[in-house]
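Student: Each protein sequence line maps, in turn, to chains A and B.
So for the first sequence, this note's numbering puts the first residue at 146; every next one is plus one.
So for the second sequence, this note's numbering puts the first residue at 15; every next one is plus one.
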Amino acid sequence: MTGLLTVPSRVTGATRRLHVGLSLAWLFIGLLVLAALVPDLLAPQPPDAVDPAIALSTPSWDHVFGTDELGRDVYSRIVHGARFSLGIGLGSTAIALALGVLLGVVSATAGRVADSVITWFTNVFLAFPGLLLALLVVAILGPGTLNVIIAIGLSSVPGFTRLTRGQALVVRDSGYVRAAITLGQRKPAIYLRHLLPNALPPLLLFATLYLGAAIVAGSALSFLGLGPQAPTPEWGSMLADGQDFLDVVWHITVIPGLVVTLAVISFTVAGRDLRRRFEGRLPDAVR
Amino acid sequence: MTTARRLLGRLVLALLVVLGAATVAFAAIHLTPGDPVRAILGTSGPSQQLIDQVRAELNLDKPLTVQYGLYVRNVLTGDFGESYQLQQPVVRLIGEQIGASVQLALSALALALLVSVVLAVATAGRRPALRRISGVVELLTISTPNFWVAVLLLTVFSFKLHWFPVIAGHGVSGLVLPAVALALGMVGMFTQVLREGMERALGEPFVLSSRARGSSETTVRVRHALRHAVVPLVTLSGWTVGALLSGAVVIEMVFNRPGIGRTLATAIANKDLPVVSGVVVIAAVVFTVVNFLVDVLYRVMDPRVGRFSR
């Protein structure tokens, strides 16, 4: 697609700009991980210190992101909330990956009956919009951090199952697996030693890209009041709390939303870069 | 012949999906801890006689398999039971709300399509700088959570500028911000698919031949390239319906708009399982019907589909 007249310097310019964006994305992910692991390092102020005297104050040097309706420091709450928002994203992705891989490998290797049953269930559940399925699970389990993780995780299993099945089928019919069968190795050993390690990398890649979506879904459920309950500083619920004060101050709602957005953009940019590096070694499904 | 068989297969799958949805909904009602009778009558001292009476009315005294059969039969005839909270038939509740949601969804869809077509026609195959702008717009609109966009729009246009009402009423002015918020998430996805399709089409011989006949750039882009790019867009329809349905839940909550999404969110908070199940089953039906129709439409639009792939 690139024209014949493309000037080389322009190409390098584009790559450099790309690297700046990529570095910023990884930097932000690093900060998020740091905030999730050791929040006190980044925000010495406690996230739940109430001070009515300074309630709803706009950003200043003392409180860079301002304070909320109870006078709690918004910056501190965002840093301490990273643990919940990232945790929900990681936890649900882990559930979806684990169950999806299990079902996908079983579907691809355990014979026709298992394959038809699993494929049928996958198709049925893929027919539900993801968030709707998660909402249904929350309706059954009730609100809460763990329940939101389970809900988003379960609602994402069908996608991972379909991808794993496709991957596993490719590997199952590959030369080296046939060779292993011819050499008389037992099937479980082959699946564990050859099939899984070869089917896994694209799935992990898909999981990275998926992480951003899981974080948004988590904050959306929290925003609806179905996630971690007050006074947990989860980003989505902070945003929802601030909504009642929109006519007075903007920062309680705008800043947590900005952080969610930056997190999603960072994971998307980083995931796309990883995908680009693996390009050619992946099936079309990971797109 | 093969097309007919494939469509029949799709139809069977569609019916199974609806049946699956009904099954999940039934399971949801019965898996949930707590007694539905208590949920209807309240916990404060209804007599045992009344409890038994309601239990019998709801068929809760029958074995689970019989209850399941009755539930599926009711769903197939369009009866989703009564709301625990509002003591009204779920069908009527949803019927009252669905119009507002359809209005919102269609406006958002139209807006998203309009913006993405303009963006794609303007930027496909152009200079790198222009394409990069389009790429950034795509990334931003895909990554930005719609509830945040909604709150931002509300802050700027309702609270600061007072252009639109804070509580969305029934008029057009109350529809603008919710539709924009809902449309924005789709713009990125649509533009990306349209632009890729157009760039592919712009490299085809028929574009060259049209140019050789002296067609202007706009004619080439709109009459030829765009038409080819619309076909892959159709495959996104499943994703689109999903995005509209889940988006409606959040957007209707933020703008305090009536609609099926807000009904669902409220029902979940109140553990009103018949309403939740009803909305989920209807969503699955809408989703399946749209996908089925699109599959048919896709074959009509592009006769190559299905002829070469088994």
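Even glycine gets a Cβ: it sits at the ideal position worked out from N, Cα and C.
It should be emphasised that the depicted structure is a prediction, and the values quoted were computed from it without experimental measurement.
Residues of chain A with CB closer than 9 Å to the CB of Ile-282 of chain B, please, in chain order.
Tutor: The residue given as residue 282 of chain B occupies position 268 in the second sequence. Ordered by position in chain A, the residues that pass the 9 Å Cβ test against Ile-282 of chain B are Leu-280, Leu-281, Val-283, Ala-284, Pro-288, Leu-369 and Leu-371.
Student: Out of curiosity, what's the CA-to-CA distance linking Asn-88 of chain B and Leu-391 of chain A?
Tutor: Residue mapping note: residue 88 of chain B aligns to position 74 of the second sequence, counting from 1. Residue mapping note: residue 391 of chain A aligns to position 246 of the first sequence, counting from 1. C-alpha separation (whole angstroms): 45 Å.
Student: Looking at chain B, which residues of the region 387-417 of chain A have a Cβ within less than 7 Å of any of its Cβ atoms?
Tutor: Gln-388, Leu-391, Asp-392, Trp-395, Thr-398, Val-399, Gly-402, Val-405, Thr-406, Val-409, Ile-410 and Thr-413
Student: Considering only DSSP beta bridges, list what Glu-96 of chain B is partnered with.
Tutor: What you label residue 96 of chain B is simply residue 82 of the second sequence in a count that begins at 1. Note: Glu-96 of chain B sits in a beta bridge opposite B:Pro-103.
Student: Which residues, in order along the region 306-326 of chain A, keep a beta-carbon less than 7 Å from a beta-carbon of chain B?
Tutor: none
Student: Helix, strand or coil for Asp-386 of chain A per DSSP?
Tutor: Translated into positions along the first sequence, residue 386 of chain A becomes position 241. Here Asp-386 of chain A sits in helix by DSSP.
Student: Along the chain, where does the alpha helix (DSSP H) containing Leu-391 of chain A start, and where does it finish?
Tutor: Within the first sequence, residue 391 of chain A is the residue found at index 246, counting from 1. It is not in any alpha helix (DSSP H) - Leu-391 of chain A carries neither H nor E in the DSSP assignment.
Student: Excluding the five sequence neighbours on either side, which residues of its own chain have a C-beta within less than 7 Å of the C-beta of Val-69 of chain B, listed in chain order?
Tutor: The residue you call residue 69 of chain B lines up with position 55 of the second sequence. Looking at the sequence itself, residue 69 of chain B is Arg, so the reference to Val does not match. Within its own chain, the residues whose Cβ lies closer than 7 Å to the Cβ of Arg-69 of chain B, once the five positions on either side in sequence are excluded, are Val-51 and Asp-75, listed in chain order.
Student: Tell me, please, whether the CB atom of Val-250 of chain A is closer than 8 Å to any CB atom in chain B?
Tutor: Here residue 250 of chain A corresponds to residue number 105 of the first sequence, with the count starting at 1. Cβ-Cβ to chain B under 8 Å: no for Val-250 of chain A.
Student: Going by C-alpha distance, which of B:Thr-233, B:Ser-121 and B:Ala-39 is nearest Pro-288 of chain B?
Tutor: Within the second sequence, numbered from 1, the residue matching residue 288 of chain B stands at position 274. Nearest to Pro-288 of chain B by alpha-carbon distance, out of B:Thr-233, B:Ser-121 and B:Ala-39, is B:Ala-39.
Student: Can you list, in chain order, the residues of its chain with a C-beta nearer than 7 Å to that of Ala-298 of chain B? Leave out the 5 residues immediately preceding and following it.
Tutor: Here residue 298 of chain B is taken as the residue at index 284 of the second sequence, counted from 1. Here the set comprises Val-31, Val-32 and Ala-35.
Student: Over what stretch of residues does the alpha helix (DSSP H) that includes Gly-304 of chain A continue unbroken?
Tutor: Along the first sequence, one-based indexing puts residue 304 of chain A at 159. Gly-304 of chain A -> alpha helix (DSSP H) spans 290-317.
Student: For Asn-208 of chain A, does the count of other Cβ atoms within 10 angstroms reach 16, so buried, or fall short, so exposed?
Tutor: In the first sequence, residue 208 of chain A corresponds to position 63, counting from 1. Checking the sequence shown, residue 208 of chain A turns out to be His, not Asn. Label assigned to His-208 of chain A: buried.
Student: Please report whether the beta-carbon of Pro-274 of chain A lies at a distance below 8 Å from any beta-carbon of chain B.
Tutor: As a working mapping, residue 274 of chain A is identified with position 129 in the first sequence. Yes, contact with chain B.
Student: Per DSSP, what kind of secondary structure is Asp-196 of chain A in: helix, strand or coil?
Tutor: For the purposes of this step, residue 196 of chain A is taken as the residue at position 51 of the first sequence. Three-state result, Asp-196 of chain A: coil.
Student: So who's on the other strand from Thr-212 of chain A, going by DSSP bridges?
Tutor: Here residue 212 of chain A corresponds to residue number 67 of the first sequence, with the count starting at 1. Per DSSP, A:Asp-218.
Student: Measuring only between beta-carbons, confirm whether Thr-365 of chain A sits less than 8 Å from chain B.
Tutor: What you label residue 365 of chain A is simply residue 220 of the first sequence in a count that begins at 1. Residue identity differs from the one stated: residue 365 of chain A is Ala in this sequence, not Thr. Interface residue, yes.
Student: Compute the distance between the beta-carbons of Leu-308 of chain A and Gly-372 of chain A, then report whether it is under 8 Å.
Tutor: Here residue 308 of chain A is taken as the residue at index 163 of the first sequence, counted from 1. Here residue 372 of chain A is taken as the residue at index 227 of the first sequence, counted from 1. No, Cβ-Cβ distance for Leu-308 of chain A and Gly-372 of chain A is not below 8 Å.
Student: So, at 8 Å on beta carbons, what are the nonlocal neighbours of Ser-251 of chain B in its own chain, with the 5 sequence-adjacent residues on each side left out?
Tutor: Along the second sequence, read from residue 1 onward, the residue named residue 251 of chain B stands at position 237. If we look at Ser-251 of chain B and ignore the five residues flanking it on each side, its Cβ neighbours are Val-304, Asn-305 and Val-308.
Student: Can you round the beta-carbon distance between Leu-118 of chain B and Ala-262 of chain B to whole angstroms, since I take them to be within the 8 Å contact cut?
Tutor: Taking the first residue of the second sequence as 1, we reach residue 118 of chain B at position 104. Taking the first residue of the second sequence as 1, we reach residue 262 of chain B at position 248. Between Ala-262 of chain B and Leu-118 of chain B the Cβ distance is about 6 Å, and since that is below 8 Å, they are a contact.
Student: Using 8 Å as the threshold, is the region 213-232 of chain B in touch with the region 153-166 of chain B, meaning 3 or more CB pairs across them?
Tutor: Counting Cβ pairs under 8 Å, fewer than three are found: no touch.
Student: Which residues mark the beginning and the end of the alpha helix (DSSP H) in which Glu-266 of chain B is found?
Tutor: Start at 1 with the first residue of the second sequence, and residue 266 of chain B comes out as number 252. Per DSSP, Glu-266 of chain B is one residue of the alpha helix (DSSP H) stretching across 251-268.
Student: If you draw a straight line from the alpha carbon of Leu-277 of chain A to that of Ser-300 of chain A, how long is it in whole angstroms?
Tutor: Stepping through the first sequence from its first residue, residue 277 of chain A is reached at position 132. Stepping through the first sequence from its first residue, residue 300 of chain A is reached at position 155. Near 8 Å, if we compare the C-alpha coordinates of Ser-300 of chain A and Leu-277 of chain A.
Student: Give the secondary structure of Gln-190 of chain A by DSSP, where H, G and I count as helix, E and B as strand, and everything else as coil.
Tutor: Your numbering for residue 190 of chain A matches position 45 in the first sequence. It is coil, neither helix nor strand.
Student: Give a yes or no on contact between the region 211-225 of chain A and the region 331-339 of chain A, applying the rule of three or more CB pairs nearer than 8 Å.
Tutor: no
Student: Whose CA, out of B:Val-295, B:Val-310 and B:Asp-316, lies closest to the CA of Leu-29 of chain B?
Tutor: Here residue 29 of chain B refers to the residue found at position 15 when the second sequence is read from its first residue. Ranking B:Val-295, B:Val-310 and B:Asp-316 by Cα distance to Leu-29 of chain B puts B:Val-295 first.
Student: Would you mind working out which of B:Val-236, B:Ser-260, B:Ile-265 and B:Lys-174 sits nearest Gly-211 of chain B, comparing C-alpha positions?
Tutor: Looking up residue 211 of chain B in the second sequence gives position 197. Taking each of B:Val-236, B:Ser-260, B:Ile-265 and B:Lys-174 in turn and checking the Cα distance to Gly-211 of chain B, the smallest one comes out for B:Val-236.
Student: So, does the CB of Leu-45 of chain B fall closer than 8 Å to a CB anywhere in chain A?
Tutor: Numbered from 1 along the second sequence, position 31 holds the residue referred to as residue 45 of chain B. So yes, Leu-45 of chain B belongs to the interface.
Student: Three or more beta-carbon pairs under 8 Å between the region 307-324 of chain A and the region 362-378 of chain A, yes or no?
Tutor: no
Student: Figure out for me which residue from A:Ala-194, A:Leu-242 and A:Ser-261 has the closest Cα to the Cα of Leu-27 of chain B.
Tutor: For the purposes of this step, residue 27 of chain B is identified with residue 13 of the second sequence, where counting begins at 1. It is A:Ser-261 whose Cα lies nearest to the Cα of Leu-27 of chain B.
Student: Mind checking Thr-254 of chain A: buried by the 16 CB within 10 Å criterion, or exposed?
Tutor: As a first step, residue 254 of chain A is located in the first sequence; it is residue number 109 there, counting from the start. It is buried - the Cβ of Thr-254 of chain A has at least 16 other Cβ atoms within 10 Å.
Student: Relative to the C-alpha of Tyr-312 of chain B, which candidate in B:Leu-90, B:Ala-257 and B:Val-245 has its C-alpha closest?
Tutor: Looking up residue 312 of chain B in the second sequence gives position 298. The candidate whose alpha carbon is nearest that of Tyr-312 of chain B is B:Val-245.
Student: Are there three or more Cβ pairs, one per stretch, closer than 8 Å when the region 270-279 of chain B is compared with the region 407-418 of chain A?
Tutor: no
Student: Determine, using beta carbons only, whether Thr-169 of chain B comes closer than 8 Å to chain A.
Tutor: Here residue 169 of chain B refers to the residue found at position 155 of the second sequence. Cβ-Cβ to chain A under 8 Å: yes for Thr-169 of chain B.
Student: Indicate whether Ser-97 of chain B and Leu-90 of chain B have their beta-carbon atoms separated by less than 8 Å.
Tutor: As a first step, residue 97 of chain B is located in the second sequence; it is residue number 83 there, counting from the start. As a first step, residue 90 of chain B is located in the second sequence; it is residue number 76 there, counting from the start. Cβ atoms of Ser-97 of chain B and Leu-90 of chain B: not closer than 8 Å.
Student: Any C-beta of chain B sitting closer than 8 Å to the C-beta of Leu-350 of chain A?
Tutor: For this step, residue 350 of chain A is matched to residue 205 along the first sequence. No, its Cβ sits nowhere closer than 8 Å to a Cβ of chain B.
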